[in-house]
Amino acid sequence: DLDGDGWVRIAGRLDRQFKSGGELVAPELTEAALGAHPAVREAVCVDLPSEVWGRALAAWVEPVPTEPDLDADALAAGLAGRLPPHQRPRVLRVAPLPPPAGPKRTAAERQALAAILQE
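Each step along the sequence shown adds one to the number in the numbering used here, with nothing skipped, and position 3 is -12.
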């Protein structure tokens, strides 16, 4: 936004980090860990409101076409040895993702996915 003097003001974070239960969470790290699984086509992590944690990490994982029955519990268990507890999703959905509008998911697309995960 431009202020009255013509200066550009940036509001909000430039990265996607957030606090959950007092711990700093970097969704990109969890996306990378999930995406490293051979049965995962894409993983998108977002933050959701939480009465307990303030904000909570949620992940939407799309399996590769040859693994349509990818098990969310097994995927979550695999993260236990790779990520600290605060970096593991408290909500994990395995389902096809809506296609992105471009090569990278936009903030608006991530917000739309978060709204679906809250339902």
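Where a beta carbon is used, it is the ideal one built from N, C-alpha and C, also for glycine. Predicted, not measured: the structure shown is a model, and the values here were computed from it.
**Report entry** Pick from A18, E52, P12, G(-11) that is closest to G66, judged by C-alpha positions
**Finding:** When each option's Cα is compared against that of G66, the closest is A18.
Requested in this report: Use the C-beta contact count for D32: other C-beta atoms within 10 angstroms, 16 or more gives buried, fewer gives exposed.
Outcome: It is buried - the Cβ of D32 has at least 16 other Cβ atoms within 10 Å.
Requested in this report: Select from P84, E27, I101, K89 the residue whose C-alpha is nearest the C-alpha of V49.
Outcome: Check the Cα spacing between V49 and each of P84, E27, I101, K89: the tightest is with E27.
**Report entry** Where the beta strand (DSSP E) through D32 begins and ends
**Finding:** Counting along the chain, the beta strand (DSSP E) containing D32 begins and ends at 25 to 35.
Requested in this report: Going by CA-CA distance only, name the one from K89, A41, A61, G(-11) that's closest to A99.
Outcome: Per the Cα distances, A41.
Requested in this report: Using alpha carbons as the reference points, say which of Q103, Q2, L9 lies closest to P70.
Outcome: Looking at Q103, Q2, L9, the one whose alpha-carbon comes closest to that of P70 is L9.
Requested in this report: Run the CB neighbour count on E13, radius 10 Å, all protein chains shown included, and call it buried at 16 or more, exposed below.
Outcome: Exposed, because fewer than 16 other Cβ atoms sit within 10 Å of the Cβ of E13.
Requested in this report: Output yes or no for whether 8 Å exceeds the beta carbon distance between V29 and R95.
Outcome: Their beta carbons are under 8 Å apart, which means V29 touches R95 by this criterion.
**Report entry** Terminal residues of the beta strand (DSSP E) in which P74 lies
**Finding:** Looking at the DSSP string, P74 is not in any beta strand (DSSP E), and its letter there is neither H nor E.
Query raised in the report: For L9, which of helix, strand or coil comes out of DSSP?
Result: In the three-state DSSP reduction, L9 falls in the strand class (E or B).
Requested in this report: Check each candidate in A44, P83, A80, L82 and name the one with the smallest Cα separation from L64.
Outcome: Answer by Cα proximity: A44.
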